[in-house]
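Inspection log for the structure reproduced underneath, given as structure tokens.
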Amino acid sequence: MKKEIPKGQGAVENIANKFFKQRYETSIYQDNYEEELAKTQILEVFPKTIVNKIKGNSLPFLYSVNPYQGCEHGCAYCYARPTHQFWGFSAGVDFERVILVKKNAPELLEQFFLKRGYKASTIQLSGNTDCYQPLERKLEITRKILQLCLDYRHPVSIITKNALVVRDLDLLKPLAAKNLVNVSLSIPTINEDLRRVLEPRTSSVKIKLKALQTLSESNIPTHVMVAPIIPGLNSMEILPILKAIAENGAHSFGYTLVGLNDEVEPVFKDWLEVHYPDRKEKVLNQIASLHKGNLAEKNIAKRNTGNGNFADMIHKTFEIGRKKFFSRSKFPALSTDLFDGTKGEQLRLF
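Residue 32 in the UniProt record's numbering is what sits at position 32 of the sequence shown, and the numbering runs on without skipping anything.
Here it is, written out as structure tokens:
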């Protein structure tokens, strides 16, 4: 019988880094497994740039900023896991236990704002890993970025799974007053038992919904990503989720279909074996049915559209929910007109 994986961990073990010929493997079967892998390591890195320009038109934003690489939240399905390999780590346990932090992110972002000829376009926090993961409580890198956006009157969009975002209401409120911020909360399930193992170090369902309500009552535009939809796990929750987020003030919602790209596939398979062995094959077969028999689909647009009867059923269910709970809701676009490359309001008088 397999041991219980450490509390708050999503991946079962460290899978091989595809860029390395050799590997050091620490397994869940080891006696010292928890001592080896259960503690988070923090490594500071020193990037020369912080703003990522998005290629193509598959995402609704042009720029993203990621203050952290890796994510303590531990979601087994996370599409960002393979990116940890570029830093020399595993997409498995390393992704959630070896976190690279970019303390110079605010300084680099200010340099970007001051580039000659730069025209403001909404910056997404975060496009890859969560900007409000647990380390943010101590390091406050995201908070410093928000302060910078307020100082320069630059639009910023936030997506997070963590209710820690409400800590920064004192910055979000004045940003929202100038139409410079919106917040997307990721809520793929309102089943707390599923949430506890699916995304083990995120905020609880109750706290997420309370954060959504607080943001909405503070006049901050709120969006919810019901993502990803995983057949056999949360696909039956679509309408209850939409009802719950509407009741707690969400202005709009979006959703994605799960796709087990690259090294996400073995991580997710191992996770299923530990937590839902009785339905593992059913879940995997239904995921494959969304993508023409494949578990993965790298193209974002194709992945979110999917194929087949199950994908059609998901889309139709969301459409029903949209008409029932969000027929009059609208998510406002952010303003880019206030940014002129100066810091503070006083210079705008001249």
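Even for Gly, the Cβ is constructed at its ideal location relative to N, Cα and C.
Where the alpha helix (DSSP H) through residue i begins and ends
i: residue 308; result: 308 to 325
i: residue 79; result: It is not in any alpha helix (DSSP H) - residue 79 carries neither H nor E in the DSSP assignment.
i: residue 272; result: 264 to 275
i: residue 101; result: Segment 98 to 101 is the beta strand (DSSP E) holding residue 101; no alpha helix (DSSP H) there.
i: residue 301; result: 300 to 305
i: residue 7; result: Run containing residue 7: none; DSSP gives neither H nor E here.
i: residue 113; result: 105 to 113
i: residue 328; result: Counting along the chain, residue 328 falls outside any alpha helix (DSSP H), and DSSP gives it neither H nor E.
i: residue 15; result: No alpha helix (DSSP H) contains residue 15, which DSSP labels as neither H nor E.
i: residue 243; result: 238 to 247
i: residue 195; result: 192 to 198
i: residue 149; result: 141 to 152
i: residue 169; result: 169 to 177
i: residue 209; result: 205 to 217
Test item: CB-CB of residue i and residue j under 7 angstroms
i: residue 196; j: residue 205; result: no
i: residue 288; j: residue 256; result: no
i: residue 124; j: residue 90; result: no
i: residue 218; j: residue 282; result: no
i: residue 64; j: residue 10; result: no
i: residue 259; j: residue 303; result: yes
i: residue 183; j: residue 220; result: yes
i: residue 109; j: residue 187; result: no
i: residue 74; j: residue 98; result: no
i: residue 301; j: residue 261; result: no
i: residue 159; j: residue 67; result: no
i: residue 336; j: residue 155; result: yes
i: residue 106; j: residue 144; result: yes
i: residue 284; j: residue 311; result: no
i: residue 271; j: residue 80; result: no
i: residue 132; j: residue 164; result: yes
i: residue 229; j: residue 314; result: yes
i: residue 161; j: residue 130; result: yes
i: residue 207; j: residue 224; result: no
i: residue 166; j: residue 214; result: yes
Residues bridged to residue i (per DSSP)
i: residue 283; result: In DSSP, residue 283 forms no bridge with anything.
i: residue 182; result: 157
i: residue 125; result: 158
i: residue 64; result: 52 and 124
i: residue 69; result: 100
Separation of residue j from residue i, as counted between CA atoms
i: residue 344; j: residue 151; result: 5 angstroms
i: residue 239; j: residue 264; result: 27 angstroms
i: residue 30; j: residue 176; result: Note that residue 30 has pLDDT 46, beneath the 50 cutoff, so the model's placement of it is unreliable and the number below is only indicative. For residue 30 and residue 176, the distance between alpha carbons rounds to 50 angstroms.
i: residue 121; j: residue 278; result: 47 angstroms
i: residue 35; j: residue 7; result: Any reading at residue 35 is ruled out, since the residue's pLDDT is 48, under 50, leaving its predicted position unreliable.
i: residue 203; j: residue 18; result: 32 angstroms
i: residue 298; j: residue 243; result: 31 angstroms
i: residue 306; j: residue 326; result: 23 angstroms
i: residue 24; j: residue 44; result: In this prediction, residue 24 has a pLDDT of 48, which is less than 50 and means its spatial position is unreliable; what the coordinates show is noted afterwards. Answer to the nearest angstrom: the Cα atoms are 23 angstroms apart.
i: residue 231; j: residue 253; result: 19 angstroms
i: residue 333; j: residue 41; result: 38 angstroms
i: residue 234; j: residue 168; result: 30 angstroms
i: residue 135; j: residue 338; result: 32 angstroms
i: residue 286; j: residue 280; result: 10 angstroms
i: residue 100; j: residue 114; result: 26 angstroms
i: residue 146; j: residue 274; result: 39 angstroms
i: residue 210; j: residue 200; result: 18 angstroms
i: residue 189; j: residue 84; result: 26 angstroms
i: residue 331; j: residue 178; result: 15 angstroms
i: residue 153; j: residue 185; result: 23 angstroms
i: residue 48; j: residue 112; result: 11 angstroms
i: residue 88; j: residue 46; result: 16 angstroms
i: residue 139; j: residue 39; result: 17 angstroms
Start and end residues, beta strand (DSSP E) containing residue i
i: residue 223; result: 222 to 229
i: residue 44; result: 41 to 44
i: residue 253; result: 252 to 257
### Task
Determine, using beta-carbon pairs with one atom in the region 84 to 100 and one in the region 6 to 20, whether at least three such pairs fall under 8 angstroms.
yes
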